[in-house]
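Position one of the sequence shown corresponds to residue 23 (my numbering), numbered consecutively onward. For every residue, glycine included, the Cβ atom is placed at its ideal position computed from N, Cα and C.
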Amino acid sequence: MTPWPLLILLAGSAAAYADDGEYLFHAAGCLACHTAKDGAPLAGGRPFETPYGTFYAPNISPDRKTGIGTWSRREFIDALKHGTAPDGSAYYPVFPYPSYRLMTNTDAGKIFDYLQTRTARSQTNREHDTPWWLFRWMMKLWQWWALDEPAPAQTNQELERGRYLVDALGHCGECHTPRNWLGASIRTRYLAGTDLGPEDEKVPNITPERADGIGKWDADDLAYFLETGQLPDGDYTGSLMADVVDNTTSKLRVADRQAMVSYLRAVEAFPGP
Ligand code: HEC
Ligand code: HEC
23 MTPWPLLILL AGSAAAYADD GEYLFHAAGC LACHTAKDGA PLAGGRPFET
73 PYGTFYAPNI SPDRKTGIGT WSRREFIDAL KHGTAPDGSA YYPVFPYPSY
123 RLMTNTDAGK IFDYLQTRTA RSQTNREHDT PWWLFRWMMK LWQWWALDEP
173 APAQTNQELE RGRYLVDALG HCGECHTPRN WLGASIRTRY LAGTDLGPED
223 EKVPNITPER ADGIGKWDAD DLAYFLETGQ LPDGDYTGSL MADVVDNTTS
273 KLRVADRQAM VSYLRAVEAF PGP
């Protein structure tokens with residue numbers, strides 16, 4: 023027989039993580055990427071300039087012609103978690119499916135259901151502007167070569183929740199983990215920052231390294247930063263990270279922000295770039 027306190031504990035923890043689609047959608051930061059400046063929400067068109075050309079986010083509103091209104095749940099999950107389009111072709115990893123692949127199918131399905139309730143926007147997708155030598159089929163090879171082992175699972179429940187929020191939903195490593203020449207995340211530099219971040223920005227080391235990471239921040243500093251974007255010295259974070267705070271980390275429940283903080287303070291410390 024299962025003792026009652028354990029049952030209550032299990033029920034409580036399941037309820038705490040039974041997030042609805044809207045919450046997951048914000049925790050995963052879908053809105054900002056799929057909305058152009060002054061554009062209709064989820065209608066796409068936001069440009070991403072990369073060394074491999076300019077990519078435009080597609081329309082993920084439920085419009086049946088120009089959006090994903092006719093997609094099945096299976097097709098959606100394949101796109102989000104495996105980087106595979108309904109026609110079998112592979113997506114470019116500007117779409118952070120290397121992180122979203124760590125999401126549960128249940129959570130991915132909930133995001134799908136939530137998207138179906140949004141207003142349909144008719145807006146045709148813009149073609150990516152890529153160099154002549156870059157082809158979509160190459161991304162199949164990229165997926166084969168560049169998707170490696172994710173960060174190790176945690177045995178402590180709060181830390182494991184933090185890892186899920188950081189890796190599967192928040193995709194923090196897409197910017198904070200440096201990449202090798204193939205564009206694959208360097209696992210042994212997990213979250214250690216890079217001088218070659220998106221839009222040529224320097225992305226800081228967010229491991230607990232004391233010299234150039236966030237090892238000198240206390241837990242409250244970090245929680246406050248994720249809620250407000252304010253750094254311990256009183257300045258506010260800029261640019262890309264300000265978007266992440268506005269759209270994602272400020273929208274998390276206090277306990278989830280706390281789990282993220284605990285996890286970030288527990289990962290291995292690596293020196294920065
Ligand atoms: C960093 C920006 C970024 C984020 C964050 C992001 N996406 Fe995307 N997404 C893109 C880009 C760019 C593409 C186009 C990839 C390609 O064409 O190969 C894309 C493609 C897609 C597609 C395929 C659409 C089609 O017409 O083929 C779907 C579905 C999608 N994203 C859903 C989501 C959802 C849901 C989230 C949040 C869980 C999300 N995206 C987060 C940038 C992003
Ligand atoms: C789109 C890229 C991007 C993503 C995604 C991203 N960050 Fe950042 N982050 C940055 C950049 C760029 C800065 C530096 C901003 C500045 O210079 O003001 C930064 C700064 C920070 C800082 C401040 C560190 C310092 O020493 O100043 C923390 C902490 C942080 N990010 C945590 C996170 C967490 C946690 C996530 C995931 C929820 C995340 N970031 C996702 C780009 C990103």
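- The Cβ-Cβ distance between residue 120 and residue 169 falls below 8 Å.
- Per DSSP, the continuous alpha helix (DSSP H) segment holding residue 195 begins and ends at 195 to 198.
- Relative to the non-hydrogen atoms of ligand 2, the Cβ of residue 181 never comes closer than 7 Å to any of them.
- Three or more Cβ pairs closer than 8 Å define a contact, and the segment 111 to 118 falls short of that threshold against the segment 170 to 183.
- Three or more beta-carbon pairs separated by less than 8 Å link the segment 54 to 63 to the segment 71 to 83, which places the two stretches in contact.
- Residue 144 sits exposed, since fewer than 16 C-beta atoms from the chains shown fall within 10 Å of its C-beta.
- When DSSP states are grouped into helix, strand and coil, residue 266 belongs to the helix group.
- Sixteen is the threshold: since fewer than 16 other Cβ atoms of the shown chains lie within 10 Å of the Cβ of residue 96, the residue is exposed.
- C-alpha of residue 264 to C-alpha of residue 46: approximately 19 Å in a straight line.
- Secondary structure note for residue 184: its alpha helix (DSSP H) is the uninterrupted segment 179 to 185.
- Residue list for ligand 2: 192, 194, 197, 223, 225, 226, 228, 259, 260, 262, 263 and 266 (CB closer than 5 Å to any heavy atom, chain order).
- Relative to ligand 1, residue 51 has its C-beta within less than 7 Å of a heavy atom.
- Residue 240 and residue 283 have their C-alpha atoms some 10 Å from each other.
- Note that the C-beta distance between residue 116 and residue 70 is below 8 Å.
- Put simply, the segment 198 to 214 touches the segment 226 to 245. At least three CB pairs are less than 8 Å apart.
- Taking residue 214 as the centre and dropping the five residues before and after it, the same chain places the C-beta of 227, 229, 292 and 294 closer than 6 Å to its C-beta, in chain order.
- Proximity of the beta carbon of residue 116 to ligand 1 is indicated: a heavy atom of the ligand is located closer than 7 Å.
- Buried is the label assigned to residue 289, since at least 16 other Cβ atoms lie within 10 Å of its Cβ.
- In this chain, residue 157 is not harboured by any beta strand (DSSP E), its DSSP state being neither H nor E.
- In this structure, the straight-line span from the alpha carbon of residue 194 to that of residue 108 is close to 27 Å.
- For residue 271, the secondary structure class from DSSP, reduced to helix, strand or coil, is helix.
- Look at the segment 75 to 134 and you find these whole runs of alpha helix (DSSP H), each 4 residues long or longer: 95 to 104 and 119 to 122.
- Annotation for residue 76: 69 and 151 place their beta carbon closer than 6 Å to its own, counting only its chain and skipping 5 residues before and after.
- For residue 70, the Cβ falls inside the 7 Å cut-off from some heavy atom of ligand 1.
- Across the set 179, 220 and 257, the C-alpha of 179 shows the shortest separation from the C-alpha of residue 281.
- Look at residue 70 here: in three-state DSSP terms it is strand.
- With fewer than 16 other Cβ atoms from the protein chains shown falling within 10 Å of its own Cβ, residue 261 counts as exposed.
- Beta-carbon to beta-carbon, residue 135 and residue 43 are separated by about 5 Å, close enough to satisfy the 8 Å threshold.
- With a threshold of 16 other beta carbon atoms within 10 Å, residue 257 falls short and is exposed.
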